[in-house]
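Here's the structure, in structure tokens; my notes come after.
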Ligand code: MIG
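In structure tokens, the structure reads:
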């Protein structure tokens, strides 16, 4: 049962697609207040668990910490961070008695979830902005609440099939030859590859929808050359449009009034990669259409995939912010505080993504000027929606790969997400595992992390272990930052190990693709915590480093340095499957309970649930080459039902 309540006069986010009547009164659960600010408060029983919040920090069970939805470009995903790039305001309180209550707080503004942080038996949800819709969902299990929620927010995005292949990326491939080398190294070594990503350096001076012609003299020809190799090029698009006379995106946007404005009506300026930029007002449907149409430049060149970046939107600084900084520094020099190593780093840091800047520009929503900070969390969502709506108009018969850094619920219908600038840390491999089910609860099925780690220097074993998890994540992309150790497979010793692991993705592709479609059409999750399925198992609820994948599998990724394997908990008898490259499938039936399972660096191990079966294909070098006619059935039966797209 889903009930909708309205507080104040909310700005519509379009995250919910089902029309529901607005219930009168207040929900029969907890304490609700909407005056100058909004708050919801409820008791948590000792045994209650809390799930949800999508792309958020910390565990699968969110209890015990405080989280905030305030989309932010922050590349330091430390354990204490409350907010990352996304705002996914759905959560569930699951009681021991099996009763589950779901809450979706549909507000475009900042909102805070104190889940047993201030007081261990209390959950408090607060927002300074008291205009929002709240949906309360009652169910008899977490899955039932998730499915009801997913139904009202609409079907998740389904990417083209090639998007289930392996992708190599790096901030630092600047020209055709850099990309040719990546492709040649993979093809020559027989390491599968479907996509190469193009980061900001392909553009002319970081201008969206331009190509640097020195680096890519005949871009359409280069796209065709890559297509002949079965490679899809996936360029990045940033939110900010460079201010430059004669640059048509800028000229048109100014002329039509499609950029975000300051209070005085002038176009707001933010410095990002291109220097001074304007932000397209993607919350205004006309401007959104206009911005989306620009993707045509790349579609026309043969491009069929994009990633949208910097769309929180990220601000390095504004001219006003620079002045504030000057004032601050001068007052320190002149005053008693004095400059020191304690204050200087903080003062300098404040210039980036500053709240005052977010409160100083406006959107045009239905003819009204709306201050950005009241709708901040909708920006990345609507930038991606701009692109997806344009694809519908421009190439209705084609599926386009699209994923975004910033997101809000609702965007899950238009594209996927990657989880931003993690680091080459073992702890971030574990965080990746924990985020996957939460993302699925909120509708984000096409998702993945930067495998190997984006920031800092990776190591051979970390990358191999992370790829072994990536084998199961719909987005499987190795990406890293400029200046870090290069992490293409060929930068390491014994490259066959990488070939073995990446190949397994292609052997499992028929299963993974079918599972994805099933989850999308049935409003289901791909990745589930064990306790969602083994609801009566008192151990399962303590396990956050193993996940169910689809109906059939369980994974238990290795995420520790030097580990030869790991301890795995089996809630019931399962069949262990060990794959390595094109080796025949090795299986072993294991009894319920704890096992130490060895996993070599070139292997992927997973578990088939009792009674189930999956198809396994021969190794292929790209998705189109996967041979569906020669599948082997692995598991307890000799048949697997493929989910057919309807
Ligand atoms: O300020 O385009 O998260 O994936 O490589 C950094 C450069 C901007 C952040 C993205 C990252 C990308 C990088 N971008």
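Residue numbers (this note's numbering): 810 to 1455.
Glycine is no exception: its CB is placed at the ideal position from the N, C-alpha and C atoms.
The structure displayed is predicted, hence computed values, not measured ones.
Among all the DSSP beta bridges, which residues are the ones paired with residue i?
i: residue 1051; result: 1086
i: residue 1396; result: 1386
i: residue 1423; result: 1443
i: residue 1363; result: 1357, 1416
i: residue 794; result: Here the chain comprises residues numbered 810 to 1455, so residue 794 is not present and cannot be evaluated.
i: residue 1004; result: 976, 1041
i: residue 886; result: Answer is none; residue 886 lacks a bridge partner.
i: residue 1117; result: 1046, 1213
i: residue 847; result: 843, 936
i: residue 895; result: 1216
i: residue 813; result: 831, 944
i: residue 1064; result: Bridge partners of residue 1064: none, in fact.
i: residue 1377; result: 1404
Would you say residue i and residue j are within 8 Å of each other, going by their C-beta atoms?
i: residue 1119; j: residue 1224; result: no
i: residue 817; j: residue 917; result: no
i: residue 901; j: residue 847; result: no
i: residue 966; j: residue 1288; result: no
i: residue 1380; j: residue 1343; result: yes
i: residue 1041; j: residue 971; result: yes
i: residue 1309; j: residue 1411; result: yes
i: residue 1233; j: residue 1262; result: yes
i: residue 969; j: residue 1243; result: no
i: residue 1441; j: residue 1425; result: yes
i: residue 1283; j: residue 869; result: no
i: residue 1417; j: residue 1377; result: no
i: residue 1071; j: residue 1194; result: no
i: residue 1253; j: residue 1216; result: yes
i: residue 1249; j: residue 1294; result: no
i: residue 1056; j: residue 1122; result: no
i: residue 1316; j: residue 1285; result: no
i: residue 983; j: residue 1010; result: yes
i: residue 976; j: residue 1001; result: no
i: residue 1406; j: residue 1374; result: yes
i: residue 897; j: residue 863; result: yes
i: residue 1437; j: residue 994; result: no
i: residue 920; j: residue 912; result: no
i: residue 1251; j: residue 899; result: yes
i: residue 1065; j: residue 1015; result: no
i: residue 1113; j: residue 1203; result: no
i: residue 1069; j: residue 1185; result: no
Can you give the beta carbon distance from residue i to residue j, rounded, assuming they're within the 8 Å contact cut?
i: residue 980; j: residue 1291; result: 5 Å
i: residue 1045; j: residue 1007; result: 6 Å
i: residue 1370; j: residue 1235; result: 6 Å
i: residue 1362; j: residue 1339; result: With 8 Å as the limit, residue 1362 and residue 1339 do not qualify as a contact, their Cβ atoms being about 12 Å apart.
i: residue 1333; j: residue 910; result: Not a contact, Cβ separation roughly 20 Å.
i: residue 1047; j: residue 1103; result: Rounded, the Cβ-Cβ distance is 12 Å, inconsistent with contact.
Put residue i into one of helix, strand or coil per three-state DSSP.
i: residue 1432; result: helix
i: residue 852; result: strand
i: residue 938; result: coil
i: residue 1452; result: coil
i: residue 1260; result: strand
i: residue 961; result: helix
i: residue 978; result: coil
i: residue 915; result: strand
i: residue 874; result: strand
i: residue 923; result: strand
i: residue 1280; result: coil
i: residue 997; result: helix
i: residue 906; result: coil
i: residue 1404; result: strand
i: residue 1275; result: helix
i: residue 1079; result: strand
i: residue 1246; result: helix
Quick one: is residue i buried, meaning 16 or more other Cβ sit within 10 Å of its Cβ, or exposed?
i: residue 1035; result: buried
i: residue 1457; result: Outside the modelled stretch of the chain, which goes from 810 to 1455, sits residue 1457, for which no answer is possible.
i: residue 1384; result: buried
i: residue 1128; result: exposed
i: residue 1324; result: buried
i: residue 927; result: exposed
i: residue 887; result: exposed
i: residue 840; result: exposed
i: residue 810; result: exposed
i: residue 1199; result: buried
i: residue 1205; result: exposed
What do you reckon, is the C-beta of residue i under 7 Å from a heavy atom of ligand 3?
i: residue 1292; result: With respect to ligand 3, the structure shown offers nothing to examine, as its ligands consist of ligand 1.
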